[in-house]
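Heads up: the structure comes next, in structure tokens.
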Amino acid sequence: MRLSTLFKHQDIGGKTVYVVDDHHYALAPWALMRRQMGRAPNLITLDHHTDVHEAFLGHAHLETYERGGDAWALARDLVKRIDWQNDQSLLWAIEHLRHDEHIDAATLSGVLNYAFCIQLSDYSGNPSIEQQAYDADRQARWPQPPTLPPPCRPMTYGIPGNHIFVISHDCAIGCNRMPHNDDCVVEHGNMVIESIYLDDQLARGAEMSRCVGIEHLEAQPYILDIDLDVFHSRQAIGPADSTTFYRLIRNAVAITVATEAECVEDLKFDGEAIDASFLLAKLIDHINEAIG
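For reference, each letter of the sequence shown is one residue, going 1 to 292 in our numbering.
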């Protein structure tokens, strides 16, 4: 098997685009870009899920289930075997990775530098230093009130060992419902690539990136990675204001797209007439429009 069998390559107005069916196949084009660039790029990924599971942990659990052993230690050892300069090593890695383990594999093996995840499934993301201090104080003093005030932005962050930052979110921009409800889920999902939402996410991401010496997420070369399951509706893939999304497209050194047809089907909002083929066609239209 060749690496090129894992993806479809397109050149859209001079922009390199790789399309994969399963998201962990994206490790192949990421590694190819790593070789071409001579340095590890960052990743900005748009996804419904966080995709930050530990690399090879699923495989390691299966390996140690009957014969015993430390699955976590085995998983860490397997990551060390990845040689991004060797096609066979990458094919072996992709064969043994499970869903949501590819970003961890890429950052720990030197394919990527830092990854910044814009996602819809984990509202808290990577906790800030201030949030961790507040939570610890509140827990220590319970049932008395905490001595520290609730943290507010901008915040500071430690350097994650796996170089992955999951960006937090509150709800749809401007939502004042208390408590949040199912209407919030729809409004939030529908604005996932609206400029007002991406600007907020990039600002939150910049607070994280500054803690590792990167002024903002677009300050260093990055791959823009898009999982089509982030789009739950026709409105989500058809933003009213695409300015920020188009800038991310133009400035990316390459774009990877995971079609993930089953996830698209499972996650689409009720009554939405969308599938992976429809979303991919719309996304290609956006790339063409952005490149101009």
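The C-beta atom is built at its ideal place from N, Cα and C for all residues, glycine as well.
Option nearest residue i by Cα separation, candidates the options
{"i": "I164", "options": "Y197, G174, D182 and C117", "result": "C117"}
{"i": "I193", "options": "P149, L74 and A240", "result": "A240"}
{"i": "M33", "options": "L46, D77 and L112", "result": "L112"}
{"i": "H23", "options": "L280, L267 and V257", "result": "V257"}
{"i": "G189", "options": "N176, F269 and K282", "result": "F269"}
{"i": "L97", "options": "Y114, Y123, P127 and V52", "result": "V52"}
{"i": "D104", "options": "T50, I223 and Y197", "result": "T50"}
{"i": "Y114", "options": "A219, D266 and R67", "result": "A219"}
{"i": "D199", "options": "G58, F245, S128 and I44", "result": "F245"}
{"i": "M1", "options": "P160, K282 and L90", "result": "L90"}
{"i": "R210", "options": "M155, D100, S109 and E95", "result": "M155"}
{"i": "R35", "options": "V253, D21 and Y157", "result": "V253"}
{"i": "G292", "options": "T243, I167, R204 and A206", "result": "T243"}
{"i": "P150", "options": "I167, I159, Q132 and N162", "result": "Q132"}
{"i": "E272", "options": "E207, P160 and V186", "result": "V186"}
Status (buried if at least 16 other CB within 10 Å, exposed otherwise) for residue i
{"i": "Q88", "result": "exposed"}
{"i": "P143", "result": "exposed"}
{"i": "L27", "result": "buried"}
{"i": "K41", "result": "A quick correction: the sequence has Pro, not Lys, at residue 41. It is buried - the Cβ of P41 has at least 16 other Cβ atoms within 10 Å."}
{"i": "E215", "result": "exposed"}
{"i": "T259", "result": "buried"}
{"i": "L46", "result": "buried"}
{"i": "A136", "result": "exposed"}
Residue range of the alpha helix (DSSP H) that includes residue i
{"i": "L46", "result": "Per DSSP, L46 belongs to no alpha helix (DSSP H); it is in the beta strand (DSSP E), N42 to D47."}
{"i": "I287", "result": "A276 to I291"}
{"i": "E262", "result": "A261 to L267"}
{"i": "Q36", "result": "L27 to M37"}
Residue range of the unbroken beta strand (DSSP E) whose run includes residue i
{"i": "H9", "result": "K8 to I12"}
{"i": "F56", "result": "Element bounds for F56: n/a, residue is neither H nor E."}
{"i": "Q119", "result": "A115 to Q119"}
{"i": "Y18", "result": "K15 to V20"}
Any chance you could list the beta strand (DSSP E) runs of at least 3 consecutive residues sitting entirely within the segment 172–256, in chain order?
222–227
Stretch-stretch touch, CB-based, cutoff 8 angstroms, three pairs: the segment 224–242 with the segment 132–147:
no
Three or more C-beta pairs below 8 angstroms linking the segment 239–255 and the segment 271–289:
Verdict: yes, contact present.
Contiguous alpha helix (DSSP H) assignments of at least 4 residues, all confined to the segment 64–133:
71–80, 87–96 and 102–108
At a cut of 8 angstroms, does the segment 5–21 reach the segment 56–66 through at least three beta carbon pairs?
Verdict: no, contact absent.
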